[in-house]
Amino acid sequence: MISLGVRAGLEFETGLECFAVGLKDIARHTAVFAASGAGKSSLLARLIEELTLARGARTIVLDTNADYVHAQRINEQVWEHSGLSRWFCGTDTLDTFRARWENANILLASSLPLEPKPVPLKLEWGSLSLTKMGTFLGIQSSKNSLMFTFLRLNRSLAEGEGMAAEEVNVPYTMRGFLSIAREMRSYCLTGDCDLARKGTYETLIGNRMIGFEGEVLRYVAEVERVGEYPFWTNDSGDQSLCEHLRNEAVKTLIIDLQSLSTREERLILTSEVLSALWAHCRDRFRQKLMATPDVRDDRLPHFVVLDEAHSWIPEIAESEYERAVSEQLKTIAAEGRKYGIYLVVATQRPRKVHPDVLSECDSVFLMRILNPKDLQFIAERFGYSRDILRDCRAFSPGECFLLGGANDDLVRLHVSPRRTVEGGGNLTLD
Ligand SMILES: Nc1ncnc2c1ncn2[C@@H]1O[C@H](COP(=O)(O)OP(=O)(O)O)[C@@H](O)[C@H]1O
Ligand SMILES: [Mg+2]
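Numbered per the numbering used here, the sequence shown spans residues 34 to 463.
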């Protein structure tokens, strides 16, 4: 069971009534709406903890604010804290949690030297699709067909075209790819290049580059720009994040996006993680389709937790990178159920999230929301009366309505506290 909290309002009359739902009741797309300070990060932490403990699920946390980077550590003080301890259900004690949490299989991926040591955030350039490479380089086959041709050539050379079999490294690294791009440039400018592949260059690209030196230079500059990102595996021997994602022994994968310096880097990494997730769950789906009926279905639902959803799935994407990620999340919202992929999207700005995603959310946690327009929007979109939802303006931190939950009722509850250390914050809770 996913133990979320206690029914609010009843605690003084009847004692605490614990509120828990089954995994299958939570296996749907979920939205969390909350003004800042309403307890949104704590609710997500609670959900992540519970999903991690539920044996039959996997969770991918796209951690935008480093809120969950210390999730492996228990915050023992919560059980003693005067304002928080009363929101625990009776069985939810430090001892029981510690015993269960010790066996939790959580993997943190971060660029920071945290404790316990995280795995580094790494991607393999050589395993990206051609379209993905184009997106990251800002080159679309429809708009920049010539540059896309250079990309295709660069890729086939990196894949070993014109080379002896023993020289070929697949998947090739960004470093290898970049050195070929630079050779293309040097060949184009001087008619010469260092490697013995000159014949290949002549037949493959020589005549196509004549007169287009400017484009070649621009193309190579793009590869150099993207090649600078810190997360390419190059020769480090590190595993790519996508491999960790495919390893089902990892129950919960927390990806510390905050530890990357730029928004572009975060979007590229997110996009590739979502592609890997999609491919993984689709493969598992196909395996199941092809298996005989007596084979047990051991597929796990995958939950993707994403805070600040308005900046990941905006109504209007502002860059190619943003568009790529937003489209992927929309596809998951529309078709992810079939493959067992469920979104948990949280935001303090509901009207800024793309409606295609919100309309696919069957459950909503509504915490304190003050803005009347936001409230009206939520009431209309999810078919509730504004008068009922209005109570949420007076909610204290942790209080919420669960709309469209398991039995389609509106449930008012107080979320139980997170039991793991809050990232970025500190331990002083008073
Ligand atoms: N379930 C809860 N019960 C009681 N207090 C809570 C609860 N969740 C959060 N709080 C209090 O509210 C503060 C803000 O919570 P947080 O989850 O960081 O809010 P948000 O992410 O919405 O800004 C916390 O530091 C804590 O003191
Ligand atoms: Mg927060």
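Yeah, the Cβ is synthetic: ideal placement off N, Cα and C, and Gly gets one too.
Note that the structure is predicted; figures quoted are calculated from it, not measured.
The beta-carbon separation of ILE288 and LEU274, rounded to 7 Å, stays under the 8 Å limit for a contact. Counting C-beta atoms within 10 angstroms of its own C-beta, ASP331 has fewer than 16 neighbours from the protein chains shown and is therefore classed as exposed.
Only residues of its own chain outside the window of five on either side were considered, and among them GLU50, PHE52, LEU446 have a CB closer than 6 Å to the CB of ARG40, listed in chain order. In the same chain as PRO153, and ignoring 5 residues on each side of it, the C-beta atoms closer than 6 Å to its own belong to ASP271, in chain order. In the same chain as ARG79, and ignoring 5 residues on each side of it, the C-beta atoms closer than 7 Å to its own belong to LEU37, VAL448, SER449, ARG451, in chain order. Remark: C-beta atoms of VAL259 and ALA214 do not approach each other more closely than 8 Å.
Boundaries around ILE374 are those of the beta strand (DSSP E), 374 to 380, since no alpha helix (DSSP H) includes it.
Relative to ligand 2, the nearest heavy atom lies less than 7 Å away from the CB of SER74.
Between LEU293 and LEU302 a beta carbon distance of about 7 Å is seen, short of the 8 Å cut, so the two are scored as contacting.
Taking 8 Å as the cut-off, the beta carbon of THR285 is found closer than this to the beta carbon of ILE81. ALA282 and ASN138 have their C-alpha atoms spaced approximately 7 Å apart. With a minimum length of 3 residues, the unbroken runs of beta strand (DSSP E) contained wholly in the region 255 to 322 fall at 285 to 289. With a cut-off of 7 Å, the C-beta of PRO450 is classified as near ligand 1, since at least one heavy atom of the ligand falls inside that distance.
Sorting ALA64, LEU56, ILE35 by C-alpha distance to the C-alpha of SER396 places ALA64 at the top. In the displayed model, THR85 falls within a helix according to three-state DSSP. Look at SER269: its beta carbon is at least 7 Å from all of the heavy atoms in ligand 1. The continuous alpha helix (DSSP H) containing ALA214 extends over residues 207 to 223.
Looking from the CA of GLY369, the closest CA among GLU393, THR380, VAL386, ILE349 belongs to GLU393. For GLU413, there is no enclosing beta strand (DSSP E); the enclosing alpha helix (DSSP H) has its first and last residue at 405 to 415. Between TYR101 and VAL94, the CB-CB gap stays under 8 Å.
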